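S.K.: In the numbering used here, the protein residues as written are 36 to 542.
Here a beta-carbon is modelled for each residue, glycine too, at the ideal position from N, C-alpha and C.
For clarity, every value in this text was computed on a predicted model and none was experimentally measured.
My structure is below; once you've seen it, I'll send some questions.
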Amino acid sequence: MSCPRPRRACCYVRRIQRQNGSNHDKRLPGAPMNGAGGGDGRGVAGRGSGAGAGRGRDRVLGLGPGLGRELVRGPQRGRRPGGQRDAGEERQGPGVDAPGAWLRARASLPAQGAALLLLVLTVTEIASSAANGLDNRVLVTAGRALLDGRSPYADKRLLYLPSSVPLAVPEAELGARVLQVLVPVVTALAILAGWRAALRIFDVGLRSRLGVAVAGGLAYFAPFRSEVGLGNWTVASVLALPVALGLAARNRWTAAAAVIGAAIACKPMLLPVALLFVFARRWRALAVLAGIPLAASALAALLIPRPGLLVTKTLPFLLHGQDAFARPYDASLGTVLPRAGVPHLPAVLIAAALAAAGVAAAWIRWRRGGDGRLRLVETASMLMLATFVLSRPAFLHYVLVVLPVLLASLPLRGAVPRSPWFWIVLLPQNGALLVPALESLQRRAFRDAVMLTGLCLVLTAHCLRRPAPAPPDAAGCPAARAAHPLPTGPPGAAGPAGPGAPAGRSH
């Protein structure tokens, strides 16, 4: 006869009875096997309610009063067996240890108010300057050129696809004073929305200690101030990447591809993320990702006079490292190393080797599996950082594309932000810490290159390192559970050993 107890209850009973030296089948006299009796004799499988059923269940399990109910139902979330709430477990998820649970807890109201005040003061300061929105003006000029019947690509600084030009037309209808206030506010709100989307990947709230600390720290973070002040359309990628990774974590790859494709149509920055869909063998989603910007650019090219200037004028300008105005801000290794005295060819080879190592590390990280959310975030961030090291240009605010999703993984055990080197390379970007030797216009790119290259090296080493074994759980058993495993192959892919196999199953 099969055991009438739920499987989870049997596991608990075996463990406790093994510790007490008793047998699994030992029962009190008169206790029924299948729970067919009434009153006190319903047993574990009985459906009766009230004190009689509870006492019968406890006698069958051989436990004290009330504890049998806990073993049958399983521990309540955030409560101890005695009914007391455990503050550390209330918001603790899979892979989260005690420090992670503390970060996920709700921040105090004064802390939330202080973070909000810092952000408001920072955005107000930037909006009061007439020099803000410098990068956004390039697109506004392109939109006005389209309205006037001229080619937007007559300005060689327009480094965008044709699909972005019609999107700038509404801005071209607004006045300069309105844009001076509107652009910093919208940019800051979009970055905060991206931070909230990154937190949601790991089930962390925006009003948590982690969410409030990072939001308040943005006021002192140089890339945030640069992005809000310039109004660069990189902010579309800052918002799109965490949204797309959150969708992919819920196995909605086609929707994630649509989000990435729409961001590429605004600014072609998230192109390296297409390799993530290749790693996961999501070919239909990859087709959606490529089709959205291609179709949008083809339609926009029909509206733009002389769209061929994108190939004959803009691309040569981009490949030659832009002009003397933008070159001092370029933090890519291929630009910074020659300024430090390294010959051009060795500098390019060093950057290419580091980028290739980053792509290989991303592939190794994807094959390693583990927590599905952490796997997506670290693989996508590795691909983007490898691109920033090699591509020209690579500016200060590009780090905002990957930093929110990496910081949001901090509550998880084994996440890369728990390495001290992660924070060391970010330290020079603190606005309260001034390095006089790197503050001049000609040397500012060296500080930015240290950040981008340092993050690439730290994440590469993290992806290549073997993960430490998980600590045992409260019962002494190893925590072998893979949290949020993702089916990485196409539907119907068989075999757990293949590259497209799921990362694991929960016990």
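1) Counting pairs of beta carbons, one from the segment 235–250 and one from the segment 437–455, are three or more of them closer than 8 Å?
2) Does L156 pass the burial test, meaning 16 or more other C-beta atoms within 10 Å, or should it be called exposed?
3) Contact between the segment 476–494 and the segment 383–400: three or more CB pairs below 8 Å?
4) Classify V346 as buried or exposed, calling it buried when 16 or more other Cβ atoms lie within 10 Å of its own Cβ.
5) Can you tell me whether DSSP reads R482 as helix, strand or coil?
6) Measure the C-alpha to C-alpha separation of S454 and A359 and round it to an integer number of angstroms.
7) According to the neighbour-count rule (16 or more other Cβ atoms, all chains shown, within 10 Å of its Cβ), is V95 buried or exposed?
8) Does the segment 299–306 come close enough to the segment 266–273 to have 3 or more Cβ pairs within less than 8 Å?
9) Buried or exposed: where does G135 fall if 16 or more other Cβ atoms within 10 Å of its Cβ makes it buried?
10) Of the residues V263, G264, I226, which one's Cα is nearest the Cα of V249?
11) Quick check on N167: does DSSP put it in helix, strand or coil?
12) Just to confirm my understanding: we take A177, look at its own chain, exclude 5 residues before and 5 after, and list those with CB closer than 6 Å. What are they?
13) In chain order, what residues of the same chain have a beta carbon less than 8 Å from the beta carbon of A180, not counting five sequence neighbours either side?
14) With DSSP run on the structure shown, which of helix, strand or coil describes V155?
15) I'd like the span of the alpha helix (DSSP H) that includes W268, first residue to last.
16) Which one of R242, L350, S475, L217 has the shortest CA to CA distance from G148?
17) On the criterion of 16 or more Cβ atoms from any shown chain inside 10 Å, does V308 qualify as buried, or is it exposed?
18) Between L461, P258, N171, which lies nearest to M486 when the distance is taken from Cα to Cα?
19) Could you compute how far the alpha carbon of V263 sits from the alpha carbon of L380?
20) Could you tell me if the beta carbon of L329 falls within a distance shorter than 7 Å of some heavy atom in the ligand GDP?
21) Can you tell me whether S143 is buried or exposed? The criterion is at least 16 other CB atoms within 10 Å of its CB, across all chains shown.
22) Bridge partners for L438 per DSSP, in chain order?
23) In this structure, does DSSP put L447 in helix, strand or coil?
24) Would DSSP call F256 helix, strand or coil?
25) With DSSP collapsed to three states, give me the class of S186.
26) My output table needs one value for S454: the three-state DSSP class, helix, strand or coil.
27) Relative to the C-alpha of Y433, which candidate in G407, A300, A480, A335 has its C-alpha closest?
28) Looking only at its own chain, which residues have a Cβ that is under 6 Å from the Cβ of A388, when we skip the five neighbours before and after it?
29) Per DSSP, which one or two residues make a beta bridge with V131?
30) If you count every other CB in all the chains shown that lies within 10 Å of the CB of I339, and 16 or more means buried, which is it?
31) Alpha helix (DSSP H) containing A429: first to last residue?
32) When burial is assigned at 16 or more other CB atoms within 10 Å of the CB, is Q547 buried or exposed?
33) Take A336 and list the residues in its own chain whose beta-carbon comes closer than 7 Å to its own, dropping the five residues that flank it on each side.
34) Of the choices A297, A275, L411, whose alpha-carbon is the least far from that of F314?
35) Looking only at its chain, what residues have a beta carbon closer than 6 Å to the beta carbon of A283, apart from the 5 residues adjacent to it on each side?
36) Tell me which residue opens and which closes the alpha helix (DSSP H) that I543 is part of.
M.R.: So, to answer that:
1) yes
2) exposed
3) yes
4) Using a 10 angstroms sphere on the CB of V346, the tally of other CB atoms stays under 16, which defines it as exposed.
5) helix
6) 37 Å
7) For V95, the predicted model reports a pLDDT of 40, less than 50, meaning its position is unreliable; a value from the coordinates is still stated below. Buried.
8) Contact holds: three or more Cβ-Cβ distances are below 8 Å.
9) buried
10) For the residues V263, G264, I226, the minimum Cα distance to V249 belongs to I226.
11) coil
12) P187, L193, V200, A203
13) S186, P187, A189, D190
14) helix
15) Per DSSP, W268 belongs to no alpha helix (DSSP H) and is neither H nor E.
16) R242
17) buried
18) L461
19) Using only the alpha carbons, I get a separation of about 35 Å.
20) Of ligands this structure carries none, so the ligand GDP is not represented either.
21) exposed
22) Answer by DSSP bridge pairing: none, since L438 is not bridged.
23) strand
24) strand
25) coil
26) coil
27) A480
28) Contacts found: none.
29) According to DSSP, V131 bridges with L447.
30) buried
31) First-last for A429: undefined, no H or E at that position.
32) This structure does not reach residue 547, given that the chain is present from 36 up to 542, and the question cannot be answered.
33) For A336, same chain residues with a beta-carbon under 7 Å away, outside a window of 5 residues either side, are P197, P342 in chain order.
34) Of A297, A275, L411, the residue nearest in Cα terms is L411.
35) A291, L411
36) Given a span of 36 to 542 for the chain in the structure shown, any question on residue 543 remains unanswerable.
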